[in-house]
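Asker: Going by our numbering, the residue at position 145 of the sequence shown is 538; the numbering climbs one at a time, nothing skipped.
Here a beta-carbon is modelled for each residue, glycine too, at the ideal position from N, C-alpha and C.
Only a predicted model underlies this, so the values are computations on that prediction, with no experimental measurement involved.
Starting off with a structure, shown below.
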Amino acid sequence: MSTPGNFPGWRVDRSGWRGVLLAAALVAGGGAAEAPTPAGASTPPSRPLRLGFSRRVLDAEVNINAGLAAIRLHADIISRADNLPIDINRTLFESIEAIREALRQEEVDVLALLTDEYVSLPPNLFTGPLLAAVLEGRTEDEYVLITHRKHEVNRLADLRGRDVVVYHNARSALSQAWLDVLTLKAELGAAAQAFRTLTVVGKPSQAVLPVFFGRQHAAVVTAQSLRIIQELNPQVGREIRILETSRPYLPSVLCFRAGGPPADYDRLARTVMTMHTSTSGRQVTTIFKSEKFVIVPPETLQPARELLAERQALMAKVRASGATAAPEGGRPQP
């Protein structure tokens, strides 16, 4: 079974996953009724702004109908408060191909995408501000590869043929690619072949605690989530050690289609960035585990571009060499 990121060979443990709407829900988030009305907001746009988001922005077990109903409700608040109609009749995109086609056919104006999706699309499809969610004061986060101090694991190669778990959701969507780059550079093959089992989970605790209790040899989580778990349980911090740390990566973006109405884009961006200043807006950001939205420069995406390009180059090199990708005993469990 593949993960939401389409990495073959990864076994997905979906137990305990909760549906989390990230950027897309926040675009239509509550609080707009209390936000200051931007200049010129009394003049409605010639047509509604069409909102969409990637299916991968949602966790695996989200109730899509309930999520869309919530977005429609908050979009209506924005429409009435700011005279900025929002159309979400075509909101959910199941694949990058569907997203690309919708952009080319000008069927969507505003999109919430994971970073790997955004950087895989032609840059000329986008314009205007690029927004990102802030969590604990940061828009980016690092990944860490952790193990228990009792395990005789001092380097990545020591995990060959052992059990590894990876935390993967919208906030950690590049974790698989990062682990692949680590194992490929260590000449262990892709991650799905380097270890005895490779399990994907949707909560950081489902990755950290099995390592802490000795049920897994190693795990990949975000540095931020590890810090939170260590604060709640200091013993975890004493027993867990970090083998590898990634560069900071931006997990997701809120972006705008090129060729759309720039004035309306700016109005919507201002609404999104100010909703944390209102009571109802803060309720929405709390529900969706974000503090606020801010504009980020395009170069914030460069580390993700380089990571994905490096993974692609390393995979191509392995295929060209004809090398066996999986060491003996290293196949993942189905």
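(1) Do V593 and H561 have their C-beta atoms closer together than 7 Å?
(2) Can you pull the DSSP bridge partners for D534?
(3) For my contact list, F486 and F649 are in at a C-beta cut-off of 8 Å; report their separation, rounded to the angstrom.
(4) Short of 6 Å in beta carbon distance, which residues of its chain neighbour K710, apart from the five on each side in sequence? Order them along the chain.
(5) To the nearest angstrom, how far is the alpha carbon of R443 from that of Q695?
(6) Can you give me the Cβ contacts of K543 inside the same chain, cut-off strictly under 8 Å, excluding the 5 residues immediately before and after it?
(7) Please check the pair D533 and Y642, which I expect to be a contact at CB under 8 Å, by giving their CB distance rounded to whole angstroms.
(8) Could you spell out the range, first to last residue, of the alpha helix (DSSP H) harbouring P691?
(9) What residues match up with G445 in a beta bridge as DSSP calls it?
(10) Looking at the secondary structure, which residues open and close the beta strand (DSSP E) in which T590 lies?
(11) When burial is assigned at 16 or more other CB atoms within 10 Å of the CB, is Q617 buried or exposed?
(12) Going along the chain, which residues of its own chain have a beta-carbon closer than 7 Å to the beta-carbon of D389, five neighbours each way excluded?
(13) Would a C-beta distance cut-off of 7 Å place L524 and L647 closer than the cut-off?
(14) Straight-line CA distance for P478 to R660?
(15) Within 10 angstroms of its Cβ, does I635 collect 16 or more other Cβ (buried), or is it exposed?
(16) Ignore the nearest five residues each way along the sequence and tell me which others in S639's own chain have a CB closer than 7 Å to its CB.
(17) DSSP three-state call for A736: helix, strand or coil?
(18) Leaving out the 5 sequence neighbours to the left and right, which residues in its chain are closer than 7 Å to P655 when beta-carbon positions are compared?
(19) What's the call for P516, buried or exposed, on a 16-neighbour Cβ count within 10 Å?
(20) Pull up the DSSP beta-bridge partners for K685, would you.
(21) With DSSP as the reference, label L636 as helix, strand or coil.
(22) Assuming D657 is part of the beta strand (DSSP E), what are its boundary residues?
(23) List the whole-angstrom C-beta distance separating G582 from T590, where the pair is believed to meet the contact cut-off of C-beta under 8 Å.
(24) With DSSP run on the structure shown, which of helix, strand or coil describes R620?
(25) Closest by CA to N482, which one among V512, F446 and R493?
(26) So T615 is in the alpha helix (DSSP H); what residue range does that whole segment cover?
(27) Considering only the alpha carbon of each residue, which of P597, D657, Y658 and L549 lies closest to V629?
(28) Under three-state DSSP, which class holds R555?
(29) Bridge partners of I539, per DSSP?
(30) Would DSSP call F605 helix, strand or coil?
(31) Since S568 is in the alpha helix (DSSP H), which residue starts that stretch and which ends it?
(32) Please check the pair L549 and E637, which I expect to be a contact at CB under 8 Å, by giving their CB distance rounded to whole angstroms.
Answerer: Working from what's here:
(1) Within the sequence shown, the letter at position 200 stands for residue 593. Within the sequence shown, the letter at position 168 stands for residue 561. Contact: yes.
(2) In the sequence shown, counting from the first residue as 1, residue 534 sits at position 141. Beta-bridge pairing links D534 to Y642.
(3) Position 93 of the sequence shown, counted from the start, is the residue given in the question as residue 486. Position 256 of the sequence shown, counted from the start, is the residue given in the question as residue 649. Approximately 16 Å separates the beta-carbon atoms of F486 and F649; this is outside 8 Å, ruling out the contact.
(4) By one-based count along the sequence shown, residue 710 stands at place 317. Cβ neighbours of K710 beyond the five flanking positions: none.
(5) To locate residue 443, count along the sequence shown from 1; it is residue 50. To locate residue 695, count along the sequence shown from 1; it is residue 302. When rounded, the distance between both Cα atoms is 28 Å.
(6) The residue labelled residue 543 in the question sits at position 150 within the sequence shown. Taken in chain order, the residues that qualify are G607 and E632.
(7) As a first step, residue 533 is located in the sequence shown; it is residue number 140 there, counting from the start. As a first step, residue 642 is located in the sequence shown; it is residue number 249 there, counting from the start. With the sequence shown as reference, residue 533 is identified as Glu, and Asp is not the correct amino acid for it. About 6 Å; that satisfies the 8 Å criterion.
(8) What you label residue 691 is simply residue 298 of the sequence shown in a count that begins at 1. Run containing P691: none; DSSP gives neither H nor E here.
(9) Translated into positions along the sequence shown, residue 445 becomes position 52. DSSP, once it has assigned bridges, lists L504 as partnering G445.
(10) Translated into the one-based positions of the sequence shown, residue 590 becomes position 197. Looking at the DSSP string, the run of the beta strand (DSSP E) that includes T590 is T590 to V594.
(11) In the sequence shown, the residue the question calls residue 617 occupies position 224. Per the 10 Å Cβ criterion, buried.
(12) One cannot answer for residue 389 here, as it falls past the ends of the chain, which runs 394 to 727.
(13) As a working note, residue 524 is residue 131 in the sequence shown. As a working note, residue 647 is residue 254 in the sequence shown. Closer than 7 Å, so yes.
(14) For the purposes of this step, residue 478 is identified with residue 85 of the sequence shown, where counting begins at 1. For the purposes of this step, residue 660 is identified with residue 267 of the sequence shown, where counting begins at 1. Each residue's alpha carbon lies about 11 Å from the other.
(15) On the sequence shown, position 242 is the one that residue 635 refers to. Exposed, by the Cβ-count rule.
(16) Working through the sequence shown from its first residue, we reach residue 639 at position 246. Excluding sequence neighbours, S639 sits near E535, Y536 and W571.
(17) Since the first and last residues shown for the chain are 394 and 727, residue 736 lies out of range.
(18) Numbered from 1 along the sequence shown, position 262 holds the residue referred to as residue 655. Cβ within range, chain order: G521.
(19) The count along the sequence shown starts at 1 and reaches residue 516 at position 123. The residue is exposed, with fewer than 16 neighbouring Cβ atoms inside 10 Å.
(20) Along the sequence shown, read from residue 1 onward, the residue named residue 685 stands at position 292. V527, per the DSSP bridge assignment.
(21) Counting from 1 along the sequence shown, the entry for residue 636 is found at position 243. Reduced to three states, the DSSP call for L636 is strand.
(22) One-based indexing of the sequence shown puts residue 657 at position 264. Counting along the chain, D657 falls outside any beta strand (DSSP E), though it belongs to the alpha helix (DSSP H) covering P655 to T667.
(23) The residue given as residue 582 occupies position 189 in the sequence shown. The residue given as residue 590 occupies position 197 in the sequence shown. That belief does not hold up - the Cβ atoms of G582 and T590 are roughly 15 Å apart, past 8 Å.
(24) Locating residue 620 in the sequence shown gives position 227, counting from the first residue. Residue state, collapsed to three classes: helix.
(25) On the sequence shown, position 89 is the one that residue 482 refers to. Per the Cα distances, F446.
(26) To locate residue 615, count along the sequence shown from 1; it is residue 222. Per DSSP, T615 belongs to no alpha helix (DSSP H); it is in the beta strand (DSSP E), A611 to T615.
(27) Sequence index remark: in the sequence shown, residue 629 carries index 236 (1-based). When each option's Cα is compared against that of V629, the closest is P597.
(28) Within the sequence shown, the letter at position 162 stands for residue 555. Three-state DSSP puts R555 in coil, outside helix and strand.
(29) Translated into the one-based positions of the sequence shown, residue 539 becomes position 146. Paired residues: A612 and I635.
(30) The sequence position of residue 605 within the sequence shown is 212, counting from 1. In the structure shown, F605 sits in a helix (DSSP, three-state: H, G or I).
(31) As a first step, residue 568 must be located in the sequence shown, where it is residue number 175. Here the alpha helix (DSSP H) through S568 covers S568 to K578.
(32) Taking the first residue of the sequence shown as 1, we reach residue 549 at position 156. Taking the first residue of the sequence shown as 1, we reach residue 637 at position 244. Yes, they are in contact, since the Cβ atoms of L549 and E637 sit about 7 Å apart, within 8 Å.
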